[in-house]
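Letter by letter, the sequence shown follows residues 1 to 332 in UniProt numbering.
Where a beta carbon is used, it is the ideal one built from N, C-alpha and C, also for glycine.
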Amino acid sequence: MNILVTGCAGFIGSNFLLYMTNKYPQYSFIHIDALTYAGNLENLKQLEEFANYQFIKGDITNRELIDRIANNGVDAIINFAAESHVDRSITNPEIFVMTNIMGTQVLLDAAKKYQVKKFIQVSTDEVYGSLGSEGYFTENTPLAPNSPYSSSKAGADLLVRAYHETFDLPVNITRCSNNYGPFQFPEKLIPLMIINALHDRDLPVYGDGLNIRDWLHVEDHCSAIDLVLHRGINGEVYNIGGNNERTNIQIVQKVLAHLGKPESLIRYVTDRPGHDRRYAIDASKIVSELGWKPKYTFETGIVETIDWYLDNQDWWKRIISGDYQKYYNQQY
Ligand code: NAD
Ligand code: TDX
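As structure tokens, then:
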């Protein structure tokens with residue numbers, strides 16, 4: 001299989017490429033990434049040895065470039081590339097529309113023109129909006145996004161759906177809950193809290209800290225996308241989640257306890273505007289129809305993840321010092 005992947009210098013995509021090249025050494029991967037602030041090729045250092053891998057620095061909104069790359073016998077396109085941080089979408093929504101919606105549409109056109117056999121849109125549970133204290137998101141829950149980020153992801157999902165209905169494009173949409181694990185950019189809750197705690201800095205908890213997220217180890221997300229690639233029924237949406245609901249304050253307390261740091265570091269700060277209260281995924285469809293089974297419990301996964309940040313301090317120190325941006329600006 002010859003697979004075009006996008007955005008794999010980021011958190012989930014880099015874990016996915018490492019997972020896939022290990023599992024399917026016979027497959028070829030062409031990877032396009034714009035290397036925004038969130039893209040870091042250091043995550044993919046191991047792939048320097050892997051013959052069937054090609055990296056191209058480029059933007060998914062660049063129609064001419066995407067057309068040229070897709071015209072190369074590409075069997076599948078998996079789209080991870082996105083602006084992914086909710087807080088940034090509140091201060092600067094435009095780039096979210098450009099990358100998440102326009103970029104997806106450019107990829108869909110290329111998939112259609114070159115008749116790829118599978119197009120996977122890596123989406124999010126945030127497109128469903130917010131839950132009250134009961135119930136779960138299923139694939140039939142109406143879309144009700146609340147942030148510029150989630151609305152741009154929902155817009156992309158609707159385009160993907162439309163290309164299936166209108167042009168019979170063989171698509172799948174995956175909607176996963178919050179991921180954690182190695183290589184997550186330190187603007188997101190878990191790595192931010194680990195790094196601040198290690199520096200004895202305040203841990204900013206939005207609002208009352210009782211918002212709930214449903215956490216899944218990134219490797220379990222990767223194994224789910226692998227299954228969808230090989231067994232997903234065209235046109236179907238698959239929810240992915242591990243039944244690990246935690247309040248934000250529980251996460252922060254867990255990080256502090258594992259690092260042996262005091263809870264006095266916690267600072268309650270002004271809430272995120274439009275802050276979704278609770279996400280919880282019903283993943284029974286991918287479990288029963290594709291046989292997906294997550295490997296990690298939250299208790300083992302979170303401890304391994306905190307330890308990964310302890311063992312890989314050079315990785316995040318380069319990011320927070322801004323050195324890696326300077327390095328990439330010189331390289332490309
Ligand atoms: P990330 O921000 O860590 O990585 C995004 C990557 O996309 C980066 O490498 C960046 O350089 C690249 N990129 C951004 N704009 C681009 C453009 N215009 N052209 C080409 N490349 C571009 O994001 P992530 O957390 O790894 O998320 C990956 C995907 O998974 C996103 O689509 C996101 O919506 C989705 N998702 C994330 C989570 C989560 O918890 N992080 C959960 C569910 C779904
Ligand atoms: O400093 C913080 N303090 C805080 O209380 C940060 C950064 C976050 N939070 C809260 C907000 C959320 O309730 O923690 C929770 C998690 O926040 P984020 O890490 O920003 O993730 P979230 O907004 O839930 O979105 C994530 O999961 C779904 C990803 O960033 C998205 O890309 C994905 O689609």
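With a threshold of 6 angstroms on Cβ separation, who are the neighbours of residue i within its own chain once the five nearest residues in sequence on each side are excluded?
i, result
"tyrosine 332", "At tyrosine 332 the pLDDT is 49, less than 50, meaning the model places this residue with poor confidence and gives no usable figure here."
"leucine 41", "Ala9"
"asparagine 234", "Pro170"
"isoleucine 78", "Val5, Ile120"
"asparagine 52", "Ser28"
"glutamate 126", "Ser150"
"tryptophan 315", "none"
"tryptophan 292", "Ala224, Leu227, Ile286"
"leucine 18", "none"
"isoleucine 281", "Asp125, Phe137, Ser177, Asp214, Asn239, Gly241"
"threonine 305", "Tyr180, Gly181"
Residue i bridges to which residues according to DSSP?
i, result
"asparagine 179", "Leu216"
"lysine 57", "Asp33"
"arginine 267", "Pro204"
"isoleucine 77", "Leu4, Phe119"
"phenylalanine 137", "Ile281"
"threonine 99", "In the DSSP output, where bridge partners are listed per residue, threonine 99 has none listed."
"serine 321", "Partner(s): none; serine 321 has no beta bridge."
"isoleucine 173", "Gln121, Val237"
"serine 28", "Asn2"
Just to confirm the assignment, what range does the alpha helix (DSSP H) spanning residue i have?
i, result
"glutamate 289", "284-290"
"threonine 300", "298-311"
"valine 86", "86-91"
"phenylalanine 11", "11-23"
"glutamate 83", "First-last for glutamate 83: undefined, no H or E at that position."
"asparagine 196", "189-198"
"proline 148", "148-167"
"valine 127", "Segment: none, valine 127 is in no alpha helix (DSSP H) and carries neither H nor E."
"glutamine 105", "104-113"
"arginine 63", "63-70"
Please name the residue in the options whose C-alpha comes closest to that of residue i.
i, options, result
"threonine 124", "Thr166, Phe137, Leu17, Pro262", "Phe137"
"isoleucine 195", "Cys222, His164, Ile320", "Ile320"
"cysteine 176", "Leu210, Asn244, Asp168", "Asn244"
"asparagine 172", "Leu192, Ala76, Ile90", "Ala76"
"glutamate 219", "Val205, Gly135, Gly209, Gly242", "Gly242"
"arginine 231", "Asp208, Lys285, Asp307, Arg201", "Lys285"
"tyrosine 114", "Gly73, Gly135, Ala197", "Gly73"
"valine 269", "Leu229, Leu158, Phe16, Val205", "Val205"
"threonine 247", "Gly181, Arg277, Cys222", "Arg277"
"lysine 117", "Leu229, Leu265, Ala154, His275", "Leu229"
"tryptophan 215", "Gly39, Lys261, Asp208, Lys188", "Lys188"
"isoleucine 212", "Val252, Met1, Leu198", "Val252"
"aspartate 157", "Ile266, Lys317, Pro25, Asn239", "Asn239"
"glycine 13", "Glu48, Pro182, Gly135, Glu49", "Pro182"
"glycine 135", "Tyr279, Pro148, Leu65", "Tyr279"
Cutting at 7 angstroms between CB atoms, please list the residues of its own chain near residue i, excluding the five before and the five after it.
i, result
"residue 342", "The requested residue 342 is not part of the displayed model; the chain covers only 1 to 332."
"isoleucine 95", "Glu83"
"tyrosine 128", "Phe137, Thr141, Leu143, Ala144"
"proline 273", "Ile90"
"serine 151", "Pro145"
"lysine 254", "Ile302"
"proline 186", "Leu192, Ile195, Trp316, Ile319, Ile320"
"tryptophan 308", "Pro182"
"proline 93", "Pro148"
Count the other CB atoms, across all protein chains shown, that sit within 10 Å of the CB of residue i; report buried if there are 16 or more and exposed otherwise.
i, result
"threonine 174", "buried"
"asparagine 312", "exposed"
"serine 288", "exposed"
"glutamine 250", "exposed"
"aspartate 200", "exposed"
"serine 133", "exposed"
"glutamine 26", "exposed"
"glutamine 184", "buried"
"lysine 153", "buried"
"phenylalanine 298", "buried"
"leucine 210", "exposed"
"leucine 310", "exposed"
Within the continuous beta strand (DSSP E) that includes residue i, where are the two ends?
i, result
"glutamine 121", "118-124"
"isoleucine 240", "237-240"
"arginine 278", "Looking at the DSSP string, arginine 278 is not in any beta strand (DSSP E), and its letter there is neither H nor E."
"glutamate 245", "245-247"
Who are the near neighbours of residue i in its chain, counting only those whose CB is closer than 8 angstroms to its CB and skipping five residues on each side?
i, result
"tyrosine 163", "Leu108, Ala111, Lys112, Phe119, Leu169, Val171"
"threonine 61", "Met98, Thr99, Met102, Gly103, Val106"
"lysine 23", "Asp226"
"leucine 159", "Ile101, Thr104, Gln105, Leu108"
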